[in-house]
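Residue 73 is where the sequence shown starts when you use this note's numbering, and the numbers rise one by one after that.
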Amino acid sequence: MEKKEWATRVKHDRADSATRAALLTAARRVFERNGYARTTVAGITAEAGVGRATLYVYFASKEEVFAVLAEGVRDRFLASQELDGIDADDPYAVARATITAFLDAYTENLAFVTVLQHQSLSDPAMGELWEEIHGLPRRRSARYTRRLVERGVADPAASPEAVARAAGGMVAAFAGGLASSPGDRDRAARELTAMYLRLLGLPEG
């Protein structure tokens, strides 16, 4: 029993350690700068200012480091679509909140998302995670649009699935522009929301 408790405590301590967090921060910078293929364990540890052996205390490989970072980005995207404090029956409030939050998540993670998208083409596990990042919010948005149609509130320009896909594509495109002009964020959010409302068949509110 003591051995099991000790092992659990060590695992917990490692997961919460400042060194592990520093390694992840350094690894993200290297992945974003060099891409996945050209990133090495030596490059990550040099960026973090620690020895290679230190990384292996926390991670089994470069692949595991990347997976942990990718899962964190996925969680950030999914959290951006939570409607805490928003009236789900107010389509204007929902549109503004979800579009703005998704735009912020995309802009904050654009460099890593670019690497992840490329890696998803050859790595099935990353392909599944990439689908979670885009597919889960898209399906949630499509379900919400169908509910608006059933209530007689919306008259979308296309199928709910197509509207959700178009909205996601618009956000991704605008996020790319904000990388060089972050001061345009509020304007971009307003314009994206206005276009999304038009796609939903709602007058701009």
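The C-beta atom is built at its ideal place from N, Cα and C for all residues, glycine as well. Every value quoted in this text rests on a predicted model; they were computed, and no experiment measured them.
query, result
"For Ala48 and Ala98, I'd like the C-alpha separation in whole angstroms.", "Residue 48 cannot be examined here, being either before or after the span of the chain that is shown, 73 to 277."
"Looking at the unbroken alpha helix (DSSP H) that takes in Tyr178, where does it start and where does it end?", "Pro163 to Glu180"
"Tell me the rounded alpha-carbon separation between Val140 and Tyr108.", "14 angstroms"
"Looking at Ala177 and Phe149, is the spacing between their C-beta atoms short of 8 angstroms?", "yes"
"When you compare the CB positions of Pro228 and Leu272, do they come within less than 8 angstroms of one another, or not?", "yes"
"For Asn181 and Val145, which I take to be in contact (beta-carbon distance under 8 angstroms), what is that distance rounded to the nearest angstrom?", "5 angstroms"
"When burial is assigned at 16 or more other CB atoms within 10 Å of the CB, is Ala230 buried or exposed?", "exposed"
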